[in-house]
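To start, the structure under review is shown below, and the notes come after it.
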Amino acid sequence: MTTGGVVVRTLVCFLLVFATWNPTGYSYLTWARYSPWATIPEIAVAGTLLLGMHILFWRIAWLSLGADGVSAAVAILLAGVFTLSEFGLVDLWQGQVWTYLLLMGLSLLLALGVVWSLLKRRIVGQSNYLNPPP
Amino acid sequence: MYGIAQPIGILVRMLAVLFLVAATYNPSGYSYYHWAFRGSTDYWALKIFLGLLVIFGYVFCVYATWRSLRIMLSVPLLLLIVTSLWLLSDWGVIDLSDWLQRTLALESSLVVLLGTGVSFSLIRYRLSGQLDSRTIN
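Going line by line, the protein sequences match chains A and U. Residue numbers for the first sequence follow our numbering, beginning at 1 and rising by one. Residue numbers for the second sequence follow our numbering, beginning at 1 and rising by one.
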């Protein structure tokens with residue numbers, strides 16, 4: 001697990017979450033919603049790919065973090081958001097700020113879950129084993 | 001490095017599965033199926049021997065695939081393969097009403113499914129650091 005590995009995994013998680021849906025109108029769900037009937041095969045291929053990626057990544061994240069890890073991560077992320085708000089760096093109730101913060105929070109949670117097993121093994125030398133297999 | 005997923009390693013596994021599937025049956029007429037069941041009755045012992053090797057190969061690949069993908073990933077992968085074939089036929093790249101192209105598409109689907117399955121425990125380990133293990137005692 002190198003710094004580059006963490007960066008790449010984080011970017012992939014952001015890409016996965018934001019490609020699925022984001023408020024700009026350039027996302028899979030918006031595209032699927034407003035496309036003509038003729039593009040259904042393209043929608044189906046992209047949709048199953050995204051679905052498989054989501055299942056794989058969220059499963060990895062859930063296995064490595066667990067309920068306690070997810071709670072801790074959500075609490076820390078929420079506290080971070082409130083800190084940003086306290087210092088006036090973001091205005092939560094202006095426009096779609098909270099939507100973007102929610103998407104970024106989900107991406108960060110996913111990225112943390114994906115890198116956590118590798119990071120923990122590197123930091124404290126404790127590996128995660130899947131037994132029985134996934 | 002041993003035990004870590006590398007692109008070349010995944011390619012080799014895919015090619016090995018392609019060899020297994022294509023050697024079992026392919027539309028050219030030169031395959032285990034044609035030799036053993038559509039030709040003469042010579043070499044019956046050799047045919048049984050190679051047949052058992054082929055069966056072993058499939059059992060090994062299917063078992064590894066089921067172990068690494070399970071229901072939650074094998075179903076999305078199958079859906080992805082089916083929708084990709086649908087997309088390709090929609091684009092006119094392949095013609096599924098043609099027997100030859102349909103057979104080749106089916107065989108490629110099997111290669112992609114089993115090849116992914118054989119590689120996926122390694123991919124998962126490299127991606128997430130979660131090692132797929134089984135206690136054998």
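Here a beta-carbon is modelled for each residue, glycine too, at the ideal position from N, C-alpha and C.
Three-state secondary structure (DSSP) of residue i
i               : result
D90 of chain U  : helix
D68 of chain A  : helix
Y160 of chain A : Residue coverage of chain A in this structure runs from 1 to 134, which leaves residue 160 of chain A outside it and unanswerable.
L131 of chain U : strand
V111 of chain U : helix
S35 of chain A  : coil
W62 of chain A  : helix
W98 of chain A  : helix
S84 of chain U  : helix
F87 of chain A  : coil
L16 of chain A  : helix
T41 of chain U  : coil
S27 of chain A  : coil
P41 of chain A  : helix
M1 of chain A   : coil
G3 of chain U   : coil
G29 of chain U  : coil
I8 of chain U   : helix
I71 of chain U  : helix
S121 of chain U : helix
S107 of chain A : helix
L11 of chain A  : helix
Outcome for residue i when other beta-carbon atoms lying within 10 angstroms are tallied against a minimum of 16
i               : result
V17 of chain A  : buried
I81 of chain U  : buried
T48 of chain A  : buried
W91 of chain U  : exposed
M29 of chain U  : Correcting the residue type first, residue 29 of chain U is Gly in the shown sequence and not Met. Exposed, because fewer than 16 other Cβ atoms sit within 10 Å of the Cβ of G29 of chain U.
P36 of chain A  : exposed
A79 of chain A  : exposed
T2 of chain A   : exposed
Q94 of chain A  : exposed
V124 of chain A : exposed
R9 of chain A   : buried
P7 of chain U   : exposed
T83 of chain U  : buried
T114 of chain A : Correcting the residue type first, residue 114 of chain A is Val in the shown sequence and not Thr. When all chains shown are included, V114 of chain A counts as buried.
G129 of chain U : buried
S68 of chain U  : buried
V74 of chain A  : exposed
L100 of chain U : exposed
T103 of chain U : exposed
Own chain, CB closer than 8 Å to residue i, minus 5 neighbours either side, in chain order
i               : result
R126 of chain U : I4, A5
S31 of chain U  : A22, A23, T24, Y25
C61 of chain U  : V17, L20, L114, G117, V118
G57 of chain U  : L20
W116 of chain A : A61, S64, L65, G69
A67 of chain A  : none
V54 of chain U  : L20, A23, T24, Y32
Beta-carbon contacts of residue i that lie in its chain and below 7 Å, excluding the five residues immediately before and after
i               : result
K47 of chain U  : A36
V112 of chain U : I81
I10 of chain U  : S119
A105 of chain U : L85, I94, L96
Cutoff 6 Å; reference residue i; Cβ partners in own chain excluding five residues on either side
i               : result
W98 of chain A  : L92
L84 of chain A  : V90
L29 of chain A  : W21
L77 of chain A  : G105
I123 of chain U : A5
L110 of chain U : V21
Cutoff 8 Å: residue i Cβ touching any chain B Cβ
i              : result
S97 of chain U : Chain labels in this structure do not include chain B; the protein chains are A and U.
Anything in the stretch 74 to 94 of chain U with a Cβ closer than 7 Å to a Cβ of chain A? List those residues in chain order, please. P76, L77, L79, L80, T83, S84, W86, L87, D90
Counting only Cβ-Cβ distances shorter than 8 Å, please list the residues of the stretch 100 to 123 of chain U near chain A, keeping chain order. Residues S121.
Compile a chain-ordered list of the residues in the stretch 49 to 63 of chain A whose CB is closer than 7 Å to at least one CB of chain U. L49, L51, G52, I55, L56, R59, I60, L63
Name the residues in the stretch 123 to 136 of chain U whose C-beta lies less than 8 Å from a C-beta of chain A; which are they? R124, L127, S128, G129, Q130, L131, D132, S133, R134, T135
Count the CB pairs spanning the stretch 7 to 14 of chain U and the stretch 103 to 119 of chain U that are closer than 8 Å, and state whether there are at least three. The stretch 7 to 14 of chain U, when compared against the stretch 103 to 119 of chain U, does touch it at the 8 Å Cβ threshold.
At a Cβ cut of 7 Å, what residues of the stretch 115 to 129 of chain A count as close to chain U, listed as they run along the chain? S117, L118, R121, S127, N128, Y129
Any chance the stretch 105 to 112 of chain A sits against the stretch 55 to 63 of chain A, with 3 or more Cβ pairs inside 8 Å? yes
Check whether the stretch 27 to 42 of chain A touches the stretch 115 to 133 of chain A, taking contact to mean three or more Cβ pairs, one atom from each stretch, closer than 8 Å. No contact exists between the stretch 27 to 42 of chain A and the stretch 115 to 133 of chain A.
Residues of the stretch 15 to 49 of chain A with a CB closer than 7 Å to any CB of chain U: list them in chain order, please. P41, E42, A44, V45, T48, L49
Measuring CB atoms only, is the stretch 19 to 36 of chain A touching the stretch 88 to 108 of chain A, in the sense that at least three cross pairs come out at less than 8 Å? yes
Taking a cut of 7 Å between CB atoms, which residues from the stretch 13 to 25 of chain U lie near chain A? none
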